[in-house]
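Right, one structure below, let's go through it.
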Amino acid sequence: MKKTGVITAAILAASFAIPAVAQLSVEDQIEARQAGYQFMAWNMGKIKAQAVDGDVEFNADQMKAAANAIAAIANSGMGALFSPDSTMDKAENTRLKPEFFQRTDKVREVGTNFVREANKLQEVAATGDRASLARQFSAVGQTCKACHDNFRAD
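FYI, the numbering for the sequence shown is -22 to -1, 1 to 132, going by mature numbering (1 follows the signal peptide of the UniProt record, and there is no 0).
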């Protein structure tokens, strides 16, 4: 999908999610996004164990399922779960820096990169090529790191 297609899809997903999110409390927004990221991290862990570290026998079907889950989260419109009242200076149980809402161009860049690389992960996993999957896993991980480095407190 071209970059404009990804951005359009993300905007559409967010526009459908906004009415539902408007009904969520700040605590529920934080809990929902953390659950999504935890699920994604669990799936990233499966890919790391099988395709990168080799700690677990490589299973192409499991890798496809894990990559599909990661791409689904990336394309789910989770951006709608971030409100200005859900930052660490206004809410509990979050490490979201207030800068998230002050640096919207950087947020857009990081988010677009994450969606693009997660979608590539899904494509690569479908091939069953372990080495390519390991390389793309690293690319997705770099997008996660970019967000953490910019917008997540330690």
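Backbone N, C-alpha and C fix where the C-beta goes; we use that ideal spot for every residue, glycine too. Here the structure is a predicted model, which means the values were calculated and not measured.
CB-CB under 6 Å to residue i, same chain, minus the five flanking residues each way: which ones, in chain order?
| i | result |
| --- | --- |
| F79 | P62 |
| F60 | none |
| A10 | L59 |
| E95 | A117, V118 and T121 |
Within a Cβ cutoff of 7 Å, which residues of the same chain sit near residue i, ignoring the five residues on either side of it in sequence?
| i | result |
| --- | --- |
| N46 | Q100 |
| A104 | K42 |
| G106 | A38 |
Could you pull the DSSP bridge partners for residue i from this structure?
| i | result |
| --- | --- |
| L74 | R130 |
Hey, residue i and residue j are a contact pair by Cβ (cut 8 Å); roughly how many whole angstroms apart?
| i | j | result |
| --- | --- | --- |
| A85 | A52 | The amino acid occupying residue 85 in the given sequence is Val; Ala does not appear at that position. Contact doesn't hold; Cβ gap of about 14 Å is too wide. |
| D83 | P76 | About 16 Å separates the two Cβ atoms, so there is no contact after all. |
| N91 | T121 | 5 Å |
| L111 | V102 | 5 Å |
Roughly how many angstroms separate the alpha carbons of residue i and residue j, rounded to a whole number?
| i | j | result |
| --- | --- | --- |
| A50 | G14 | 10 Å |
| R81 | E87 | 10 Å |
| F17 | A44 | 10 Å |
| I70 | M56 | Here residue 70 turns out to be Glu, not Ile, going by the sequence shown. Spanning the two alpha carbons is a distance of roughly 19 Å. |
| I8 | Q1 | 13 Å |
| W20 | V34 | 14 Å |
| C125 | Q40 | 27 Å |
| D127 | R113 | 21 Å |
| G32 | Q12 | 28 Å |
In its own chain, which residues sit with a C-beta less than 8 Å from the C-beta of residue i, not counting the 5 before and 5 after it?
| i | result |
| --- | --- |
| F115 | M22, I25, K26, A29, V30 and L99 |
| R130 | R73, L74 and K75 |
| V4 | S61, D63, S64, K68 and A69 |
Curious, which full-length alpha helix (DSSP H) runs of at least 4 residues does the segment 34 to 69 contain? Listed in chain order, the alpha helix (DSSP H) elements of length 4 or more contained wholly in the segment 34 to 69 are 38 to 52.
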